[in-house]
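Just so we're aligned, residue 32 is where the sequence shown starts under the working numbering, counting upward by one.
Each residue gets a CB set at the ideal place from its N, CA and C atoms; glycine is no exception.
One structure is given below, encoded as structure tokens.
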Amino acid sequence: MSNTSGFSVSKPVALWNKPINADFKELFKSLGKGVINGVLGQWGEVAKDAVEATSALGLGSAPEEVAWLLIYRSLVEAIVSLVKGNQELLFEKPNQSDLELLCDRLNDSLERIELRIDQDFFRRPKDLPILEAVKTAFADWLKYFSVNQAQALTISHRLPTYFVFALHEEWAKHPEKYACLKEELDTPFTQANEREQSWQRYLAWLQKQVEEPMLLEAFGLKQVYVPLHAYYKQKVGGEKSEEFERRVREDEKYQRIVLDLETELEAWLEKGDRNDAIRVISGGPGSGKSSFTKIFAANQAEKGKIPVLFIPLHHFEPSDDLVDAVGKFVRDDGFLRHNPLDKDKADSRLLIIFDGLDELAMQGKIATEIAQQFVREVQRKVERFNGRETFLQVLISGRELVVQANSSDFRQPQQILHILPYFVIEDERKNYIDDQNLLQQDQRQIWWQKYGNASGRAYDCLPEELNQDNLTEITAQPLLNYLVALSFDQQKKFPTDGNLNAIYANLLTAVYQRGWERHQHPAIDGIAEKDFVRILEEIALASWHGDGRTTTVREIEAHCEHSSLKSLLDKFQESAKLGVSRLLTAFYFRESGVKEQEKTFEFTHKSFGEYLTAKRIVREVRLIDKKLKDRQNDPDEGWDEREALKRWAILCGASPMDEYLFKFVADEMRLQNPSDVGNWQQTLCHLIGFMLRHGMPMERLTPRPDFQEENKQARNAEEALLAVLNACARVTKTVSKIKWHTPEAFGIWISRLQGQRINTYTDVFCLNCLSFLDLQGCALVYKDFSQANFERVNLKGANLAGANLGWTNFEGANLERANLLDANLAEANLEKANVLEANLQGAYLPDAILVGANLQGADLKWTNLEEAYLEGANLEGAYLEGANLEGAYLEGTYLEGTILEGENFADLNEASGSDSDK
32 MSNTSGFSVS KPVALWNKPI NADFKELFKS LGKGVINGVL GQWGEVAKDA
82 VEATSALGLG SAPEEVAWLL IYRSLVEAIV SLVKGNQELL FEKPNQSDLE
132 LLCDRLNDSL ERIELRIDQD FFRRPKDLPI LEAVKTAFAD WLKYFSVNQA
182 QALTISHRLP TYFVFALHEE WAKHPEKYAC LKEELDTPFT QANEREQSWQ
232 RYLAWLQKQV EEPMLLEAFG LKQVYVPLHA YYKQKVGGEK SEEFERRVRE
282 DEKYQRIVLD LETELEAWLE KGDRNDAIRV ISGGPGSGKS SFTKIFAANQ
332 AEKGKIPVLF IPLHHFEPSD DLVDAVGKFV RDDGFLRHNP LDKDKADSRL
382 LIIFDGLDEL AMQGKIATEI AQQFVREVQR KVERFNGRET FLQVLISGRE
432 LVVQANSSDF RQPQQILHIL PYFVIEDERK NYIDDQNLLQ QDQRQIWWQK
482 YGNASGRAYD CLPEELNQDN LTEITAQPLL NYLVALSFDQ QKKFPTDGNL
532 NAIYANLLTA VYQRGWERHQ HPAIDGIAEK DFVRILEEIA LASWHGDGRT
582 TTVREIEAHC EHSSLKSLLD KFQESAKLGV SRLLTAFYFR ESGVKEQEKT
632 FEFTHKSFGE YLTAKRIVRE VRLIDKKLKD RQNDPDEGWD EREALKRWAI
682 LCGASPMDEY LFKFVADEMR LQNPSDVGNW QQTLCHLIGF MLRHGMPMER
732 LTPRPDFQEE NKQARNAEEA LLAVLNACAR VTKTVSKIKW HTPEAFGIWI
782 SRLQGQRINT YTDVFCLNCL SFLDLQGCAL VYKDFSQANF ERVNLKGANL
832 AGANLGWTNF EGANLERANL LDANLAEANL EKANVLEANL QGAYLPDAIL
882 VGANLQGADL KWTNLEEAYL EGANLEGAYL EGANLEGAYL EGTYLEGTIL
932 EGENFADLNE ASGSDSDK
């Protein structure tokens with residue numbers, strides 16, 4: 032077949048004397064009706080009519096006619112998809128006669144265009160000349176529905192990508208209609224077999240994903256995306272500590288090498304080293320991990336060099352065999368007709384992107400355990416597939432903590448890439464090696480300029496009101512920066528105290544008000560803002576109780592029923608028929624698939640669910656406090672302790688709290704009245720004391736779980752009690768006085784919550800929630816409190832003999848007369864702690880921070896204080912016989928009356944003050 036094969040195609044009107052029952056005029060008129068009716072919840076039927084109308088074109092079988100049918104139907108599909116995805120922006124009903132005239136004009140401008148279908152069309156369908164004309168006409172049509180100029184252009188500019196995907200969809204659905212084009216055109220598209228067609232369709236879909244509207248915007252991610260910077264850690268050579276314990280936990284020195292993230296991964300992909308086939312992207316919530324992986328996948332799909340498979344791990348069911356798990360995902364996804372990891376059907380190269388390692392970890396079992404098993408299975412399969420040459424490369428993204436927990440499995444140079452914020456302040460840049468001067472650039476300015484162009488809001492840089500030092504940490508994070516923009520657009524004001532929950536609360540109001548501006552229907556008057564927020568909280572709770580991000584209508588209904596929100600949910604569902612609920616909720620969650628024959632919904636960003644769940648937890652604390660007080664005032668009102676604990680078990684038992692949810696809970700507490708938080712702190716202390724004496728009333732749950740599940744839920748609920756109590760204490764700065772019924776009660780409880788560590792470098796969540804506790808006189812012999820937070824804890828007279836307290840924070844703690852015999856306090860922070868008359872005999876305190884600590888009368892016999900920081904500490908009357916103070920820092924230390932027989936003062940820090948020789 033000749034490489035110059037092809038033919039000219041124009042809209043077939045008089046040329047063949049065929050009756051035309053559908054044209055652009057009818058299309059735009061149908062779309063107009065669809066917009067008007069779509070607001071009333073009838074969009075689906077009208078959209079279907081607009082698409083199906085093309086079946087009545089009445090064309091013959093000549094290649095020119097068939098090609099026009101393919102193009103026209105694909106254009107219709109693309110335009111319908113764009114209108115449907117942005118229907119919230121189309122709220123103005125135009126004059127019917129004006130719309131008629133517009134449709135006539137648009138149709139006239141399009142029917143005179145002639146185009147040529149040849150090899151290049153199927154190689155580069157985005158370059159089809161008619162697309163430019165249709166884009167212009169489409170933008171003009173959008174303006175008739177009060178879409179502003181910038182929004183109309185933004186939406187219409189997304190048409191080519193939507194058209195390409197629709198082209199693949201149409202060809203795949205009706206191959207028999209377009210068979211004659213195979214004979215006329217010799218291209219990879221027309222001659223592709225079924226497997227190749229499915230890949231082409233899937234790769235077109237990946238490109239369309241980054242063009243789909245962000246939340247309630249006219250633009251997609253691609254229009255506002257700013258390329259991210261990252262760094263990797265490069266070890267600096269140096270002597271290691273001789274002691275095993277210190278060698279395991281010592282923070283070895285690293286250089287942080289800055290790079291452009293996409294450039295680095297492009298080079299890694301191009302190199303294709305079979306011994307370096309896995310890369311990991313690490314970043315906090317909202318740092319841009321998922322946005323980057325989507326953009327990277329879309330860019331690779333567009334280049335077409337290496338097939339790429341994008342797998343969001345909250346939609347992935349891991350199994351013992353990665354090949355089977357990928358096969359199931361591909362079947363459920365519906366695009367590819369084969370498992371790309373099947374050796375007999377495999378391509379020569381494949382890139383798999385696994386997005387959200389932390390979300391995989393939420394699907395049951397112990398979070399760190401399932402993530403670790405998944406990582407190791409990926410490593411095994413990569414090693415197997417790449418035995419002789421590079422076939423498979425894998426990119427994994429995840430939040431920092433889950434990546435850190437698996438860091439021992441990622442030891443290749445540059446294997447873990449840590450995402451950097453949009454802006455790094457000048458003082459922090461010295462912590463990086465930045466040969467390309469990437470950190471000199473304030474990427475916030477670029478984002479706001481792109482956002483201004485795409486939204487029509489005329490920003491050319493970060494607004495002056497937001498360019499404040501105390502907001503830098505927030506505006507430098509991609510997601511928070513965007514939320515700030517949405518909130519600022521709506522209200523032209525912004526909370527400046529840096530509390531993330533205040534930002535999310537502001538956003539809730541902004542989205543609610545934004546929805547109300549466009550709907551003044553009397554039937555929706557009953558949905559007040561507080562009701563809107565309350566329903567969202569219950570949806571978030573249902574998601575947390577599931578896999579952390581997704582839920583179903585049935586699960587939402589069950590949660591609302593339990594929380595006595597049935598009538599509110601009914602009202603909310605009634606508003607759904609008017610299209611209002613979709614407008615108000617589309618910002619927060621979207622349809623994501625099917626689970627047990629029910630549609631599932633997922634939060635558009637995991638942090639939305641975490642914030643709303645935190646609000647729901649704080650709401651329950653307020654309610655429990657009120658109900659317990661009601662019972663005290665009237666025995667016929669309120670709840671007793673068992674009922675309160677049952678409610679708590681239902682709320683917090685199904686899933687464990689983690690550091691991310693806890694941060695939202697702590698920030699939500701900061702927004703409450705401090706007096707109320709103080710009352711809640713006392714109530715929670717009382718409930719914990721009651722629970723430790725009588726147990727969690729799990730027997731009251733209906734239906735009652737089996738023993739193993741009951742035990743797990745009780746443990747989760749108890750840990751949440753401790754965490755929320757700690758959140759209260761961080762606000763009040765007062766000690767939480769729980770009545771321990773025996774000296775060992777706390778030690779037994781914390782052991783149950785703590786469980787077994789699986790490595791030496793992962794923090795244990797509950798140990799971060801111990802600050803401000805009253806542990807006076809508690810028996811904690813040989814307990815493992817490594818890396819715990821004991822800030823301002825009262826440990827007066829506590830028995831911590833032999834305890835592991837390495838790297839623990841005791842800042843401001845009271846350790847008066849505590850027994851720390853032979854305890855490990857390596858690198859512990861005891862700054863300004865009261866260690867009066869404590870027994871530290873034989874304790875291990877190398878590199879410990881004792882700045883300003885009161886060690887008056889303490890027994891430090893044979894204590895190892897090598898290189899400890901004792902500046903300004905009070906050691907009056909302390910017993911230091913045989914103590915090792917080699918290399919210790921003693922500047923300003925008060926040593927009057929100390930007993931120094933046999934101590935080792937070799938190589939004392941030269942800056943030690945004059946008091947040290949007394």
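### Task
Answer with buried or exposed for Thr581, where buried requires no fewer than 16 other C-beta atoms within 10 angstroms of its C-beta.
Taking the sequence shown and counting its residues from 1, one reaches residue 581 at position 550. Buried, by the Cβ-count rule.
### Query
When you compare only the Cα positions, how much space is there between Lys495 and Trp479?
The count along the sequence shown starts at 1 and reaches residue 495 at position 464. The count along the sequence shown starts at 1 and reaches residue 479 at position 448. Per the sequence shown, the amino acid found at residue 495 is Glu instead of Lys. Looking at the backbone, the Cα of Glu495 and that of Trp479 are separated by about 12 Å.
### Query
Can you pull the DSSP bridge partners for Arg430?
Against the sequence shown, residue 430 aligns to sequence position 399. Bridge pairing for Arg430: Gly314 [DSSP].
#### Entry: Distance, Asp794 Cα to Asp853 Cα
Residue mapping note: residue 853 aligns to position 822 of the sequence shown, counting from 1. Residue mapping note: residue 794 aligns to position 763 of the sequence shown, counting from 1. Each residue's CA atom was taken as its position, placing Asp853 and Asp794 some 23 Å apart.
### Query
Can you tell which of Leu643, Lys637, Ser638, Trp679 has its C-alpha closest to the C-alpha of Asp656?
The residue you call residue 656 lines up with position 625 of the sequence shown. The shortest Cα separation from Asp656 among Leu643, Lys637, Ser638, Trp679 belongs to Trp679.
### Under the three-state DSSP convention, the category Lys481 falls into
In the sequence shown, residue 481 corresponds to position 450, counting from 1. Three-state DSSP puts Lys481 in a helix.
### Task
To the nearest angstrom, report how far apart Ala249 and Ala489 are at their CA atoms.
Walking along the sequence shown from the start, residue 249 turns up at place 218. Walking along the sequence shown from the start, residue 489 turns up at place 458. So the two alpha carbons sit approximately 15 Å from each other.
### Task
Answer yes or no: do Gln508 and Ser318 have a C-beta to C-beta separation smaller than 8 Å?
Counting from one through the sequence shown, the residue named residue 508 turns up at place 477. Counting from one through the sequence shown, the residue named residue 318 turns up at place 287. Result yes, Cβ atoms of Gln508 and Ser318 sit closer than 8 Å.
### Task
Kindly identify the DSSP beta-bridge partner or partners of Asn532.
The count along the sequence shown starts at 1 and reaches residue 532 at position 501. DSSP lists no partner for Asn532.
### Task
Along the beta strand (DSSP E) that carries Val339, what are the first and last residues, could you check?
On the sequence shown, position 308 is the one that residue 339 refers to. Val339 -> beta strand (DSSP E) spans 339-343.
#### Entry: Start and end residues, alpha helix (DSSP H) containing Lys658
Within the sequence shown, numbered from 1, the residue matching residue 658 stands at position 627. 637-664 is the extent of the alpha helix (DSSP H) around Lys658.
### Message
For the stretch 253-266 against the stretch 350-360, do three or more pairs of beta-carbon atoms, one drawn from each stretch, fall closer than 8 Å, so that the two count as touching?
### Response
Two segments are said to touch when three or more pairs of C-beta atoms, one from each, lie closer than 8 Å; by this definition the stretch 253-266 does not touch the stretch 350-360.
#### Entry: Given Pro774 as reference, the closest of Gly808, Arg415, Arg761 once Cα atoms are compared
On the sequence shown, position 743 is the one that residue 774 refers to. It is Gly808.
#### Entry: Pairwise C-alpha distance: Glu847 and Leu886
Here residue 886 is taken as the residue at index 855 of the sequence shown, counted from 1. Here residue 847 is taken as the residue at index 816 of the sequence shown, counted from 1. For Leu886 and Glu847, the gap between their C-alpha atoms comes out near 9 Å.
### Cross-strand partners of Gly251 (DSSP beta bridge)
Within the sequence shown, the letter at position 220 stands for residue 251. In the DSSP output, where bridge partners are listed per residue, Gly251 has Pro244.
#### Entry: Chain-order list of residues whose beta-carbon lies under 8 Å from that of Cys591 (same chain, five-residue window excluded)
Position 560 of the sequence shown, counting from 1, holds the residue named residue 591. Non-local beta-carbon contacts of Cys591 in its own chain, meaning distances under 8 Å to residues more than five positions away in sequence, involve Ile566, Glu569, Lys597, Leu599, Leu600 in chain order.
### Query
Going along the chain, which residues of its own chain have a beta-carbon closer than 8 Å to the beta-carbon of Asn825, five neighbours each way excluded?
Position 794 of the sequence shown holds residue 825. Val766, Leu804, Asp805, Leu806, Gln807, Ala844, Asn845.
### Query
Looking at the unbroken beta strand (DSSP E) that takes in Lys264, where does it start and where does it end?
The residue given as residue 264 occupies position 233 in the sequence shown. For Lys264, the enclosing beta strand (DSSP E) begins and ends at 260-266.
### Query
Under the three-state reduction of DSSP, which class applies to Arg892: helix, strand or coil?
Here residue 892 refers to the residue found at position 861 of the sequence shown. The question names Arg, yet the displayed sequence has Lys at residue 892. In the structure shown, Lys892 sits in coil (DSSP, three-state: anything other than H, G, I, E or B).
### Message
Here's a check: name, in chain order, each residue in its chain whose Cβ is nearer than 8 Å to the Cβ of Glu408, leaving out the five neighbours to either side.
### Response
Taking the first residue of the sequence shown as 1, we reach residue 408 at position 377. The answer, listed in chain order, is Pro349, Asp351, Asp352, Leu353.
### Message
If I follow the unbroken beta strand (DSSP E) through Gln384, where does it start and stop?
### Response
For the purposes of this step, residue 384 is taken as the residue at position 353 of the sequence shown. The sequence shown places Ile at residue 384, rather than the Gln named in the question. In this chain, the beta strand (DSSP E) harbouring Ile384 covers 381-386.
### Query
At what residues does the beta strand (DSSP E) containing Lys630 begin and finish?
Indexing the sequence shown from 1 puts residue 630 at position 599. For Lys630, the enclosing beta strand (DSSP E) starts and ends at 629-634.
### Message
Residues in the same chain with beta-carbon distance under 7 Å from Ala748, minus the five sequence neighbours each way, listed in chain order, please.
### Response
As a first step, residue 748 is located in the sequence shown; it is residue number 717 there, counting from the start. For Ala748, the CB contacts under 7 Å within the same chain, skipping 5 residues up- and downstream, are Trp679, Ala680, Cys683, Gly684, Met727 in chain order.
### Query
If we ignore side chains and look at the alpha-carbon of each, how far apart do Gln410 and Asn537 end up?
In the sequence shown, the residue the question calls residue 410 occupies position 379. In the sequence shown, the residue the question calls residue 537 occupies position 506. Each residue's alpha carbon lies about 44 Å from the other.
### Task
Specify, as a first and last residue, the run of the alpha helix (DSSP H) that Ile719 falls within.
The sequence position of residue 719 within the sequence shown is 688, counting from 1. Note, Ile719: alpha helix (DSSP H), 705-725.
### Task
May I ask you to report which of helix, strand or coil DSSP gives Tyr900?
Residue mapping note: residue 900 aligns to position 869 of the sequence shown, counting from 1. When secondary structure is reduced to three states using DSSP, Tyr900 falls in the strand class.
### Task
Look up Trp230 in the DSSP assignment and say whether it is helix, strand or coil.
Against the sequence shown, residue 230 aligns to sequence position 199. In this structure, Trp230 counts as helix in the three-state DSSP scheme.
### Message
So if DSSP puts Tyr285 in a beta bridge, which residue, or which two residues, is it bridged to?
### Response
On the sequence shown, residue 285 is found 254 positions in, with the first residue counted as 1. Per the DSSP secondary-structure output, Tyr285 pairs in a beta bridge with Lys266.
#### Entry: Sub-8 Å separation of Phe796 and Asp689 beta-carbons
Here the question's residue 796 lines up with position 765 in the sequence shown. Here the question's residue 689 lines up with position 658 in the sequence shown. Asp689 is positioned such that its CB atom lies closer than 8 Å to that of Phe796.
### Query
Apart from the five residues just before and just after Phe327, which ones in its own chain have a Cβ nearer than 8 Å to its Cβ?
By 1-based counting over the sequence shown, the position of residue 327 is 296. Within its own chain, the residues whose Cβ lies closer than 8 Å to the Cβ of Phe327, once the five positions on either side in sequence are excluded, are Glu293, Leu296, Ile384, Leu426, listed in chain order.
### Query
Assuming Leu391 and Phe405 make a contact with CB atoms under 8 Å, what is their CB distance in whole Å?
Mapped onto the sequence shown, residue 391 falls at position 360. Mapped onto the sequence shown, residue 405 falls at position 374. Indeed they touch by this definition, with Cβ atoms about 6 Å apart.
### Query
Grouping DSSP H, G and I as helix and E and B as strand, with all else coil, what is Ile326?
In the sequence shown, the residue the question calls residue 326 occupies position 295. When DSSP states are grouped into helix, strand and coil, Ile326 belongs to the helix group.
### Query
Taking the Cβ atom as the reference point for each residue, do Arg380 and Phe422 lie within a distance shorter than 8 Å?
On the sequence shown, position 349 is the one that residue 380 refers to. On the sequence shown, position 391 is the one that residue 422 refers to. Between Arg380 and Phe422, the C-beta spacing is below 8 Å.
### Sub-8 Å separation of Arg658 and Gly640 beta-carbons
Along the sequence shown, one-based indexing puts residue 658 at 627. Along the sequence shown, one-based indexing puts residue 640 at 609. Reading off the sequence shown, one finds Lys at residue 658, where the question assumed Arg. In this structure, Gly640 does not lie closer than 8 Å to Lys658 by Cβ.
### Query
What are the start and end residues of the beta strand (DSSP E) that includes His449?
Locating residue 449 in the sequence shown gives position 418, counting from the first residue. From DSSP, the beta strand (DSSP E) with His449 extends over 447-450.
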